[in-house]
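First the structure, in the form of structure tokens, and then the observations on it.
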DNA sequence: TAGATTGTTAATCGATTAACAATC
DNA sequence: TAGATTGTTAATCGATTAACAATC
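Now the structure itself:
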């Protein structure tokens, strides 16, 4: 397991603060405190102070943090000012939804092409993003120097798509399947398991409904 | 914060084992061990043993666990044999994707109606699921004794939809917006933050690309 | 029997929270 | 100055991993 100076959990919390800060900015609010952010996000204020410290930003005792400075610091830290182009493989339900949305530019990512094997999809466009046959993936990744691949195929195909991505030179994979990918450990992988919560909902609901009061 | 006997993290791991067990079952494999499951899932074998213990199932030293028994035990534990009907609010990109998929029945959940305020969507069907105006939500929840609500509206509307759900008698919310909902603590909430990984991808990729080797 | 695997207790690790001095 | 808030160190908590006896 690779050791980073900054943990993933810290990195994941920063966007949470960021969203609230953007709302404050749009309302013209100048200052905020970690106490206020804590109330909004549910994260402990000490935790927030540590996370902010990671960005290198310092606050002012008694006043707190300047909202715009904090936004800037988080954007810098997450490298959200640069936009990385990404390729998406698997234009099904979720894949199409992601292409239609495609508003991650503020978060450093922009999908610029989709790939699928279904002839009825190839050549079409979704939200102005062209769908190519999977056979062209490798070539286009190399020619366009793409670093990020998004996997939205059915689980059975996830590993083979991941292999293709790694061979093609992809450095980071955003995996929307529940499959644990076997890939070199220096490749960045972020898993999104959409249905993770279903066990919890089902179990907790059963507990609640059988509890006689 | 409510205290449960079983932690959510344990509940979230069980479906991970479950998926692999189903594959084994389909291949006709009779026995498995926690060591094998550990290799497949990346979860420590001691952890898996503890999780299985929660279901009440006992294994056989030297042989391991009977695959079908383990599947059965997890289904029982998660109450995955009963199917709960659910209503989905917000028939946009993600909402439509979830309706089109709607294969959670094995996981105790089935979406039976969608709700939206967009007149162009109301009255239509997606994957044979009818879309109703939001104004009918409360009435239908009560008449059909629905317990689960799914929120797939834009973040700005999430809290008001959650309020409506709670007032209508919904007991569990599957929230696909990044908004931290303010609701009574006895309501079950599972959050799916689709874009949680974007900070990690952006930051780690920047670290990787700036590292001179 | 020997040995693989379970089930459980103890040890470790990491993340979260509490405490408090520093500061404007 | 008094007091709110930061920044940091210490304490706590929970989750993960190690160790090992029990068992078939």
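Protein chains in written order, with my numbering: chain A, 1 to 213; chain B, 1001 to 1213. All C-beta atoms in this analysis are idealised placements derived from N, C-alpha and C, irrespective of residue type, glycine included. Quick caveat, the model's predicted, so the values are computed rather than measured.
Beta strand (DSSP E) containing residue 110 of chain A: first to last residue? 109-116
C-beta contact flag for residue 111 of chain A and residue 94 of chain A at 8 angstroms: no
Quick one: which residues of the stretch 1143-1159 of chain B get their C-beta closer than 9 angstroms to a C-beta of chain A? List them in chain order. 1147, 1148 and 1155
Which of the three DSSP states is assigned to residue 1 of chain A in this structure? At residue 1 of chain A, the pLDDT of 35 sits below 50, so the modelled position is not reliable; the number obtained from the coordinates is stated separately. If DSSP states are grouped into helix, strand and coil, residue 1 of chain A belongs with coil.
Between the Cα of residue 192 of chain A and the Cα atoms of A:182, A:178 and A:201, which residue gives the shortest distance? A:178
Take residue 37 of chain A and list the residues in its own chain whose beta-carbon comes closer than 6 angstroms to its own, dropping the five residues that flank it on each side. 17 and 48
Determine whether the Cβ of residue 1200 of chain B lies closer than 8 angstroms to any Cβ atom of chain A. yes
What residue does the beta strand (DSSP E) around residue 89 of chain A start on, and which one ends it? 84-89
Residue 74 of chain A versus residue 68 of chain A: straight-line alpha-carbon distance, rounded: 10 angstroms
Range covered by the beta strand (DSSP E) that runs through residue 131 of chain A: 129-133
Does the beta carbon of residue 1011 of chain B come closer than 8 angstroms to any beta carbon on chain A? yes
Could you check what DSSP says for residue 8 of chain A in three-state terms: helix, strand or coil? helix
Using a beta-carbon distance cut-off of less than 8 angstroms, what residues from the stretch 35-48 of chain A approach chain B? 40, 41 and 42
In the DSSP output, what is residue 189 of chain A paired with across the bridge? A:173
So residue 1127 of chain B and residue 1100 of chain B are supposed to be a Cβ contact under 8 angstroms. How far apart are they, rounded? 5 angstroms
Using a Cβ cut-off of 7 angstroms, which residues of the stretch 167-180 of chain A contact any Cβ in chain B, in chain order? 171, 172, 174, 178 and 180
Let me know if residue 147 of chain A comes out buried or exposed under the rule of 16 or more other beta-carbons within 10 Å of its beta-carbon. buried
Measure the alpha-carbon distance for residue 1136 of chain B versus residue 1114 of chain B and round it to whole angstroms. 11 angstroms
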